[in-house]
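K.L.:
Could you have a look at this structure, given as C-alpha cells, before my questions?
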Amino acid sequence: NAGVTQTPKFQVLKTGQSMTLQCAQDMNHNSMYWYRQDPGMGLRLIYYSASEGTTDKGEVPNGYNVSRLNKREFSLRLESAAPSQTSVYFCASSGGQGNQPQHFGDGTRLSIL
Amino acid sequence: ILNVEQSPQSLHVQEGDSTNFTCSFPSSNFYALHWYRWETAKSPEALFVMTLNGDGKKKGRISATLNTKEGYSYLYIKGSQPEDSATYLCASMKTSYDKVIFGPGTSLSVIP
Numbered sequence: 094n095a096g097v098t099q100t101p102k103f104q105v106l107k108t109g110q111s112m113t114l115q116c117a118q119d120m121n122h123n124s125m126y127w128y129r130q131d132p133g134m135g136l137r138l139i140y141y142s143a144s145e146g147t148t149d150k151g152e153v154p155n156g157y158n159v160s161r162l163n164k165r166e167f168s169l170r171l172e173s174a175a176p177s178q179t180s181v182y183f184c185a186s187s188g189g190q191g192n193q194p195q196h197f198g199d200g201t202r203l204s205i206l
Numbered sequence: 006i007l008n009v010e011q012s013p014q015s016l017h018v019q020e021g022d023s024t025n026f027t028c029s030f031p032s033s034n035f036y037a038l039h040w041y042r043w044e045t046a047k048s049p050e051a052l053f054v055m056t057l058n059g060d061g062k063k064k065g066r067i068s069a070t071l072n073t074k075e076g077y078s079y080l081y082i083k084g085s086q087p088e089d090s091a092t093y094l095c096a097s098m099k100t101s102y103d104k105v106i107f108g109p110g111t112s113l114s115v116i117p
C-alpha cells in the first residue's frame, strides 16, 4: 500500500551542488505535482504534470527542472542549489482534471549550506 | 496566478467547542475546491473536493460548504477534539487539468 513514495527523505547539499528528488506513485494517477513548503507560506506549486509527457510551471519554478519519466515517476532536479531552496519538498498525485483529491508523499527535507 | 486566502490564520479552541474557517478564492473560471488536513510531521490528507455551487460535504464531525458565485468555502468542525489539532488547507483550481493553488492554511489547536 505504498501510494506516493519520495526519495530521499533528508538531504544536505552545499551551494552549487546538483541533485534530483525522486517521486513514484502506484495508483495509476495521471497528474503529479511538486510543492515546496516554507514556514508561514503553506504549499507552493513548483511544477506539475497533467499527464504523461507533459509538464507545466507552477508558482515558483525558477531554479528547478522536472521530468515526467513515465506515468509512475516524476522527478525534480536542482541544477545548482542555493540556500533559498532550503525547504521541505512534497510530491503529490491525483486521478486528474482537478476534481480528484491529491495524495501526498512523506516529503523530502532539503538543507542547502 | 490564483490568489487563495484563508482566515483566521490560527485558532485555539476548547475541547467540545465547534469552530469554522473560511477559504476565499477568485470566482471566475472556477473548477474545483479542495480541503486538506495537515498534521505536524505528516503529509497533507484530503478531506473534500467540491465542484458545484451549493455543494456540501460531510465526514464525521467535519463538514464543508461551497459558494462559487461569491468565491468562498466554509469548513466546520463540530465538537472539536484534541486529535483535530492540525493545519487545514484549502486549494482552488480554475480549469480542469490546471494547477491547484493552495491557501496559507488555518492552524487549529484544540485544548483538552
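One line per chain: the protein sequences are A and B, in this order.
Residue numbers for the first sequence follow the working numbering, beginning at 94 and rising by one.
Residue numbers for the second sequence follow the working numbering, beginning at 6 and rising by one.
From the three backbone atoms N, C-alpha and C, an ideal C-beta is built for every residue, glycine too.
Remember, predicted model here, so these are calculated numbers, not experimental data.
1. Since I believe Q99/A is in contact with G198/A (beta carbons under 8 Å), could you give me their beta-carbon distance rounded to a whole number of angstroms?
2. Where R170/A and G156/A are concerned, what is the direct C-alpha to C-alpha distance, given to the nearest angstrom?
3. So the candidates are A51/B, P117/B, N58/B, T73/B; which of them puts its Cα closest to the Cα of K118/B?
4. Which residue or residues does DSSP assign as beta-bridge partners of Q99/A?
5. Mind checking if E145/A is an interface residue toward chain B, Cβ cutoff 8 Å exclusive?
6. Which residues of chain A have a Cβ atom closer than 8 Å to the Cβ of L94/B, listed in chain order?
7. From this set, S114/B, T70/B, H17/B, which residue's C-alpha is nearest W40/B's C-alpha?
8. Looking at the secondary structure, which residues open and close the beta strand (DSSP E) in which S90/B lies?
9. Can S48/B and F167/A be called in contact, C-beta distance under 8 Å?
P.N.:
Let me lay it out:
1. 4 Å
2. Their Cα atoms are separated by approximately 9 Å.
3. For residue 118/B there is no data in the structure shown, the boundaries of chain B being 6 and 117.
4. C116/A
5. no
6. G135, L136
7. T70/B
8. S90/B -> no beta strand (DSSP E), and no H or E assigned at all.
9. Not in contact: S48/B and F167/A (Cβ atoms no closer than 8 Å).
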